[in-house]
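For reference, the structure is listed below as structure tokens.
In this note's numbering, the protein residues as written are 16 to 218.
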């Protein structure tokens, strides 16, 4: 028995893409907060990321939400192509799983939002984010975004240096809480729809 999504009228799975760069040297970078959220979601559904056969990405499949008709089938993905080439793996996964663009969520760092603040939306520009730029070039802009604020770099530090640095010691004290809240926001978006998720998590 399939469950139809009340928000879109389709039983297609959701593709949740955590954006980041592969490799242990990037694991704790600000730019990799999308990977952190994806890792937490994978633990919640009891899955382990494995290399996908049809895309340059690590994936895990499962269901999000309370057991029963309200849960949703999801494909979690972490592109292994580096941030600025994220569109290729996302497109391959969309085609393989036959996922409509309206069922794709990109979870990413956002410079123009204070640290830890979330903003959920659908569509819009890329604001200079190379991962979004690549996805939009491949899919168009009408996919969901869960934007995780990391703030602006201090002083005259170049943006590229700032996003590729690890979170500071002070930031790390609250990082687990904020990542957990971002995972909650993704789950709410999938199971309750954008408007209800925005009303709860757009802080």
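Idealized CB from N, CA, C, for every residue including glycine.
As assigned by DSSP and simplified to three states, the class of residue i
i, result
"residue 27", "coil"
"residue 113", "coil"
"residue 92", "strand"
"residue 44", "strand"
"residue 187", "helix"
"residue 148", "helix"
"residue 200", "helix"
"residue 76", "strand"
"residue 33", "strand"
"residue 58", "helix"
"residue 126", "coil"
Selected residue, minimal CA-CA separation from residue i, among the options
i, options, result
"residue 81", "29, 206, 131, 124", "206"
"residue 222", "52, 44, 109", "Examination of residue 222 is not possible in this model, given that the chain is present from 16 through 218 alone."
"residue 119", "156, 191, 186", "156"
"residue 193", "101, 180, 218, 176", "218"
"residue 116", "32, 215, 49, 75", "32"
"residue 179", "35, 46, 37", "46"
"residue 216", "66, 57, 43, 131", "131"
"residue 103", "146, 137, 123, 122", "146"
"residue 176", "44, 75, 34", "44"
"residue 183", "195, 173, 169, 84", "169"
"residue 129", "186, 105, 62", "186"
Residues near residue i in its chain [Cβ-Cβ closer than 8 Å; skip 5 each side]
i, result
"residue 125", "134, 142, 144, 162, 163, 164, 165"
"residue 139", "156, 160"
"residue 114", "27, 28, 29, 30, 90, 108"
"residue 99", "145, 146, 148, 149"
"residue 97", "36, 37"
Contact belief for residue i with residue j at Cβ below 8 Å, rounded distance in angstroms
i, j, result
"residue 72", "residue 94", "5 Å"
"residue 87", "residue 60", "Between residue 60 and residue 87 the Cβ distance is about 11 Å, and since that is not below 8 Å, they are no contact."
"residue 122", "residue 34", "7 Å"
Neighbourhood of residue i by C-beta distance below 6 Å, restricted to the same chain and skipping five residues each side
i, result
"residue 56", "91, 198"
Beta-carbon contacts of residue i that lie in its chain and below 7 Å, excluding the five residues immediately before and after
i, result
"residue 66", "73"
"residue 167", "126"
Can at least three beta-carbon pairs, one atom from the region 149 to 157 and one from the region 192 to 207, be found at a separation below 8 Å?
no
Three-pair Cβ contact test at 8 Å for the region 179 to 190 versus the region 40 to 52
yes
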